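Accompanying notes for the structure given below.
Numbering (full-length UniProt numbering), first residue to last: 1 to 91.
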């Protein structure tokens, strides 16, 4: 992803990005609303810790980019995900 490439560049790595589109960010992940969904499973396990850290890191990066370099329309708001089956209800 572009943020991964940026983080590597900031750490001195050589990065090459490939994109089949004419301009960057035309398709990305296919997430049309560009929402960030950290995977919180309620188990306080390494997976949940990873996604919590990744979300806060991404949030800082997007804030920094929007304040200094790249202007993009966004709002930091929440989303309510309702239980749709027994497994999701336990979360």
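The beta carbon of each residue, even a glycine, is placed where N, CA and C say it ideally should be. These figures come from a predicted structure and were not determined experimentally.
Does DSSP classify residue i as helix, strand or coil?
i, result
"residue 67", "helix"
"residue 49", "helix"
"residue 60", "helix"
"residue 86", "helix"
"residue 55", "helix"
"residue 16", "coil"
Can you give me the Cβ contacts of residue i inside the same chain, cut-off strictly under 8 Å, excluding the 5 residues immediately before and after it?
i, result
"residue 76", "59"
"residue 4", "none"
"residue 61", "3, 6 and 7"
"residue 66", "72 and 74"
Cβ contact check for the stretch 33-40 and the stretch 51-66: 3 or more pairs under 8 Å: Taking 8 Å as the limit for Cβ pairs, the verdict is that the stretch 51-66 does touch the stretch 33-40.
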